[in-house]
Amino acid sequence: MKNEIGFIGLGNMGKPMATRLLEAGYQLIVFDNREEAISALVDCGAKSAQSAESLASQTDTILMSLPEPEVVKNVALGENGVISGNKIKTLVDLSTTGPHVAQELAMKLSENGINFVDSPVSGGVAGAKKGTLAVMVSCAKHQVSELREMLQIIGNIFHVGEQPGLGQTMKLANNLLSASALAITSEAIVMGVKAGLDPKIMLDVINAGSGKNTATQDKFPNAVLTRSFDRGFVNSLMYKDVELYLAEAEALKVPTDVAGAVHQLWQTACLEIGPDADFTTIVQCVEKRAGVEIRTKT
Ligand code: NAD
């Protein structure tokens with residue numbers, strides 16, 4: 431039987447990752463602030479904890495997948511947080527928080543003898559279900575070796591650096607590209623549709639040509655043409671990621687002309703379509719202004 435580990439945050443990403451670990455034979459103790467999220471994992475064989483602190487007093491290794499940087503800081507360092515547990519040795523953060531939060535967490539946790547592992551992920555809910563996520567680990571080499579067996583259940587491990595925060599920097603670069611691809615594909619397909627092209631044919635051509643990207647290959651065919659808008663990542667979280675990217679690029683004095691425009695479009699999506707709507711609904715902001723809807727003719 432494998433080790434007992436903890437998992438905090440059983441949402442769109444956390445639930446499938448925790449489920450894969452259970453299925454691989456790990457004994458899981460889980461915590462979330464939604465009762466129904468805990469029950470779903472308990473029904474699959476996990477034990478539950480009453481708080482992050484209680485969880486951190488029962489196991490030496492915890493993974494967490496939480497929405498916003500402030501929530502991550504609070505669950506790790508706040509009242510009844512992981513830091514107050516008396517058994518915890520390693521906290522692996524799979525959330526996207528930006529490099530500064532990762533550095534702060536690493537520093538404060540290490541003062542309490544807890545190793546912090548910066549390890550954001552990419553690949554969406556589909557990747558979390560299949561165990562094909564890109565896992566961007568930034569910590570000492572020996573820690574990657576210790577965690578390899580467990581982390582490879584959720585995806586492919588990339589050891590991107592030794593310093594906490596570098597995993598986050600890697601993730602922000604990745605998500606700027608994902609956000610930009612979705613935003614610019616929305617404009618290009620709406621332009622073609624308004625001129626009379628069939629969006630299905632447009633995507634076939636683009637995917638056989640040089641314009642292909644993650645939006646044309648996955649999000650548009652599977653969530654926009656179908657009008658299902660169901661990739662499991664909400665506008666507010668993508669807006670957060672682009673905002674974190676901008677802060678980092680500005681601090682490093684790297685130009686942000688394109689990133690700034692992408693940020694603005696995501697802000698519009700949060701205001702007009704809603705922060706909790708799926709991130710593929712960003713196309714609706716462009717459709718609305720152009721006065722057309724992307725629907726296939728066939
Ligand atoms: P989510 O909102 O679906 O899940 C977050 C979970 O955390 C929820 O179950 C929520 O109840 C729980 N939670 C919130 N506050 C809590 C607290 N104080 N204590 C305990 N539990 C709490 O978010 P998600 O889409 O699963 O994303 C999680 C993280 O992973 C985010 O940082 C996100 O940016 C990142 N991420 C998401 C995706 C994706 O496609 N959804 C992909 C890669 C990375």
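Numbered continuously in the working numbering, the sequence shown closes out at residue 728. Yeah, the Cβ is synthetic: ideal placement off N, Cα and C, and Gly gets one too. This one's a predicted model, so the numbers in the text were calculated from it and none came from an experiment.
On the DSSP letters alone, give me the boundaries of the beta strand (DSSP E) that residue i sits inside.
i, result
"Asp548", "Asn545 to Asp548"
"Ile492", "Thr491 to Met494"
"Ser525", "Taken as a continuous stretch (DSSP letters only), Ser525 belongs to no beta strand (DSSP E), as it is neither H nor E."
"Ala564", "Leu563 to Ser568"
"Gly591", "Gly585 to Gly591"
How far does the alpha helix (DSSP H) with residue i in it reach, from first residue to last?
i, result
"Ile435", "Looking at the DSSP string, Ile435 is not in any alpha helix (DSSP H); the run it does join, the beta strand (DSSP E), is Glu434 to Ile438."
"Val501", "Pro499 to Leu507"
"Val460", "Looking at the DSSP string, Val460 is not in any alpha helix (DSSP H); the run it does join, the beta strand (DSSP E), is Gln457 to Phe461."
"Cys700", "Asp687 to Glu702"
"Ile513", "That residue, Ile513, is in no alpha helix (DSSP H); it is neither H nor E in DSSP."
"Cys715", "Ile712 to Ala720"
"Asp634", "Pro629 to Ala638"
"Ser487", "Ser487 -> no alpha helix (DSSP H), and no H or E assigned at all."
"Thr615", "Leu596 to Ala625"
On the CB-based measure, 16 or more other CB atoms within 10 Å of its CB, does residue i come out buried or exposed?
i, result
"Gln598", "buried"
"Gln582", "exposed"
"Ser658", "exposed"
"Gln714", "buried"
"Arg661", "buried"
"Ala609", "buried"
"Asn433", "exposed"
Output yes or no for whether 8 Å exceeds the beta carbon distance between residue i and residue j.
i, j, result
"Ile703", "Leu655", "no"
"Leu485", "Gly436", "yes"
"Lys615", "Asn643", "For the record, residue 615 in the displayed sequence is Thr; it is not Lys. Yes."
"Val574", "Leu563", "no"
"Lys630", "Pro446", "no"
"Ala720", "Thr711", "no"
"Ser549", "Met537", "no"
"Thr526", "Val547", "no"
"Gly591", "Ala532", "no"
Does the distance between the C-beta of residue i and the nearest non-hydrogen atom of ligand 3 fall short of 7 Å?
i, result
"Asp462", "Here the bound small molecules are ligand 1; ligand 3 is not part of this structure."
List in chain order: all unbroken alpha helix (DSSP H) runs of 4+ residues lying wholly within the region 650–683.
Listed in chain order, the alpha helix (DSSP H) elements of length 4 or more contained wholly in the region 650–683 are 665–681.
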